[in-house]
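Here's the structure we're looking at; comments come further down.
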Amino acid sequence: MSGGRVTTERHEQGEETLTTTDALQDERTRVLALQRLGVLDSSPEERFDRVTRLAQRLFGVPTVSITLVDADRQWRKAFVGLDGPVAQREGAFCDVTIRADRTLVVEDAAQDATFADNPFVVGDPHLRFYAGHPIAAPGGELVGTLCVIDTRPRRFDDADRSLLRDLALWVQGELQHDVELDRAGAVQRGLLPRRAPELEGYRVAARCLPARGVGGDFYDWTTTADGAGFVVADVMGKGMPAAIVAASARAALRPALRSPSLAAGVETADDLLAPDLEEVGSFVTAWCATVERDSGRLAYVDAGHGLASVLRPDGGIHRLEADGLPLGVAPGTARVVHHVTLDPGDRLVVVSDGLVDLLADLGVPGGNPRLLDPDVPLPVPDGPALARAAREVRQAGDAAATLDVLVGLAEGRYVGDDLTVLVVERVAA
Numbered sequence: 092m093s094g095g096r097v098t099t100e101r102h103e104q105g106e107e108t109l110t111t112t113d114a115l116q117d118e119r120t121r122v123l124a125l126q127r128l129g130v131l132d133s134s135p136e137e138r139f140d141r142v143t144r145l146a147q148r149l150f151g152v153p154t155v156s157i158t159l160v161d162a163d164r165q166w167r168k169a170f171v172g173l174d175g176p177v178a179q180r181e182g183a184f185c186d187v188t189i190r191a192d193r194t195l196v197v198e199d200a201a202q203d204a205t206f207a208d209n210p211f212v213v214g215d216p217h218l219r220f221y222a223g224h225p226i227a228a229p230g231g232e233l234v235g236t237l238c239v240i241d242t243r244p245r246r247f248d249d250a251d252r253s254l255l256r257d258l259a260l261w262v263q264g265e266l267q268h269d270v271e272l273d274r275a276g277a278v279q280r281g282l283l284p285r286r287a288p289e290l291e292g293y294r295v296a297a298r299c300l301p302a303r304g305v306g307g308d309f310y311d312w313t314t315t316a317d318g319a320g321f322v323v324a325d326v327m328g329k330g331m332p333a334a335i336v337a338a339s340a341r342a343a344l345r346p347a348l349r350s351p352s353l354a355a356g357v358e359t360a361d362d363l364l365a366p367d368l369e370e371v372g373s374f375v376t377a378w379c380a381t382v383e384r385d386s387g388r389l390a391y392v393d394a395g396h397g398l399a400s401v402l403r404p405d406g407g408i409h410r411l412e413a414d415g416l417p418l419g420v421a422p423g424t425a426r427v428v429h430h431v432t433l434d435p436g437d438r439l440v441v442v443s444d445g446l447v448d449l450l451a452d453l454g455v456p457g458g459n460p461r462l463l464d465p466d467v468p469l470p471v472p473d474g475p476a477l478a479r480a481a482r483e484v485r486q487a488g489d490a491a492a493t494l495d496v497l498v499g500l501a502e503g504r505y506v507g508d509d510l511t512v513l514v515v516e517r518v519a520a
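Right, dumping it as structure tokens:
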């Protein structure tokens, strides 16, 4: 459906009149589609700014805008040659463009009977030339334009129209890709456990921060006959491809947590995933464990993950052994089960390499184990803050507080990789 078009009704005499109800419904649908894009009043983004700069060079015009037409205003996602992002909708050439549902070219507005008295022609920016192509939302509703503008008349031939259309479709693809990522992200978040397992004597907390809306990291847990099972996994790569593999990995690994043999369960998952991983040229690092509720005995298999530690109440840090290959690297490899006991007051902390990468970006070598040791000097600009975070991790009163400190390191910083943290605390008696 074209949200910019107004429906018409033909009478016996052959005259066409506007069907007001349909027009209003079309407009409501169009504005709702625009709002669902989630870009109105958002910060500038280089991927859109790049298009406007390119269009300015290609067409040799002073002004280019990616304009979104809201209910009563125009808002520019990216622009060059204009004073600001907001303008009135009434009389706007971009509004005419989406209503026409086609490329609109006005070579000399002052000589055009339709536009000669337009407020954008007689007033700021004193427009004489305009060419714009509609931009559609995923449902086909016309929500804006890519337009090029000049204060003097210009010729605009078929080749120019084709180029403008291609650039507009580039912008449209970027906007629609964001919507697809948002939807995929919602689906992926829905696959994560919603509530911590009911495990008497334990507190569990976890969080996953994908780098691109969707990602290849995930955590999972399930109850078992005598306790609970946990997984933290990381698919090589980011974005949609990694998210698709992650969904398969989650489905393959969950049965391993309830298998009579944890090692055999992980080996089966490896065999199941191997063909797909080979096809896409990827692999999965995974940390899988089960804990016996009453004894605190933890059995785990580390498949190339290597980022799990136990924090002791006395300040000690026990980094758990990691000696296995990632899933998909060598299917058929026998997996080794390691054991450690969680005593009352202990906290198991498992992270993905997104945290290590974040610390490396901050200049901290060694990643997670180094962060957890507040006595190690950190000769980097963020050293004092990181040392404070390390102390807060050690002093955190429970699993949720530990999680908040670790995830809080990413706040206000660029995180180039998916970041996941799982904390399992055995409550002190």
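The C-terminal residue of the sequence shown carries number 520 in the numbering used here, and the numbering is unbroken. We put the beta carbon where it would ideally sit given N, CA and C, even for glycine. All of these numbers come straight from a predicted model, not from anything done at the bench.
To which residues of the same chain is ALA519 closer than 6 Å at the C-beta, ignoring the five residues directly before and after it? PRO435, GLY436
Are the CB atoms of GLY182 and PRO210 within a distance shorter than 8 Å? yes
Between which two residues does the alpha helix (DSSP H) harbouring ASP437 extend? Counting along the chain, ASP437 falls outside any alpha helix (DSSP H), and DSSP gives it neither H nor E.
Delimiting residues of the beta strand (DSSP E) encompassing ALA297: 293-300
Along the chain, where does the alpha helix (DSSP H) that runs through THR359 open and close? 353-371
Quick one: residues in its chain with C-beta nearer than 7 Å to the C-beta of THR376, no 5 flanking neighbours on either side, listed in chain order? ALA324, ASP325, ALA394, GLY395, HIS396, PRO417
Local conformation of ARG246 per DSSP, three classes: coil
Spatial neighbours of GLY474 in its chain, beta-carbon cut-off 7 Å, leaving aside the 5 residues before and after: For GLY474, the predicted model reports a pLDDT of 46, less than 50, meaning its position is unreliable and no value from the coordinates is stated.
Per DSSP, what kind of secondary structure is THR424 in: helix, strand or coil? coil
Use the C-beta contact count for ASP414: other C-beta atoms within 10 angstroms, 16 or more gives buried, fewer gives exposed. exposed
Could you pull out every residue in the same chain whose Cβ sits closer than 6 Å to the Cβ of ARG517, ignoring the five residues on either side in sequence? TYR293, GLY387, LEU433, PRO435, ASP437
Taking all protein chains shown into account, decide if GLN202 is buried (16 or more other Cβ within 10 angstroms of its Cβ) or exposed. exposed
Check this for me: beta carbons of GLU383 and ASP317, under 8 Å apart or not? yes
Measure the alpha-carbon distance for GLN147 versus ARG141 and round it to whole angstroms. 10 Å
Taking DSSP as the reference, what is the three-state secondary structure of GLU265? helix
Taking the alpha carbon of ILE408 as the reference point, which residue from VAL431, VAL295, TRP166, ALA347 has its own alpha carbon closest? VAL431
Nearest candidate by alpha-carbon position, reference ALA365, set ALA343, SER350, ALA354: ALA343
Would you mind reading off the limits of the beta strand (DSSP E) that contains PHE170? 164-171
Excluding five sequence neighbours on each side, which residues of the same chain lie with their C-beta closer than 6 Å to the C-beta of ALA380? PHE321, LEU389, TYR391
Of the listed residues PRO176, VAL239, ALA207, nearest to PRO135 (C-alpha basis): PRO176
Tell me ARG384's beta-bridge partners as DSSP assigns them. Answer is none; ARG384 lacks a bridge partner.
For SER339, which residues from the same chain have a beta carbon less than 7 Å from its beta carbon, with the 5 sequence-adjacent residues on both sides left out? LEU364, ASP367
Does DSSP classify PRO332 as helix, strand or coil? helix
Going by beta carbon distance, what residues of the same chain come within less than 6 Å of ALA337, once the five residues before and after it are set aside? GLY307, PHE309, VAL326
Distance between TRP261 and GLU137 (C-alpha atoms, nearest Å): 14 Å
Given a threshold of 16 other Cβ atoms within 10 Å of its Cβ, counted over all protein chains shown, does HIS217 qualify as buried or as exposed? exposed
3 or more residues per run - each beta strand (DSSP E) lying fully within the region 159-233: 164-171, 177-179, 195-197, 220-227
Okay, do the region 125-132 and the region 190-206 touch, 3+ Cβ pairs below 8 Å being the bar? no
Return the bridge partner residues of VAL143 from the DSSP annotation. Reading off the sequence, residue 143 comes out as Thr, not Val. Looking at the DSSP assignment, THR143 forms no beta bridge with any residue, so it has no partner.
What is the rounded straight-line gap between the Cα of ARG256 and the Cα of SER373? 37 Å
Local conformation of VAL320 per DSSP, three classes: Before going on, a small fix: residue 320 reads as Gly here, not Val. Strand, per DSSP.
Closest to ALA425 by C-alpha separation, out of PRO288, ASP362, VAL514, would be which residue? ASP362
Within the continuous beta strand (DSSP E) that includes GLY399, where are the two ends? As written in the sequence, residue 399 is Ala, which differs from the Gly given in the question. Where ALA399 is concerned, the enclosing beta strand (DSSP E) stretches over 399-402.
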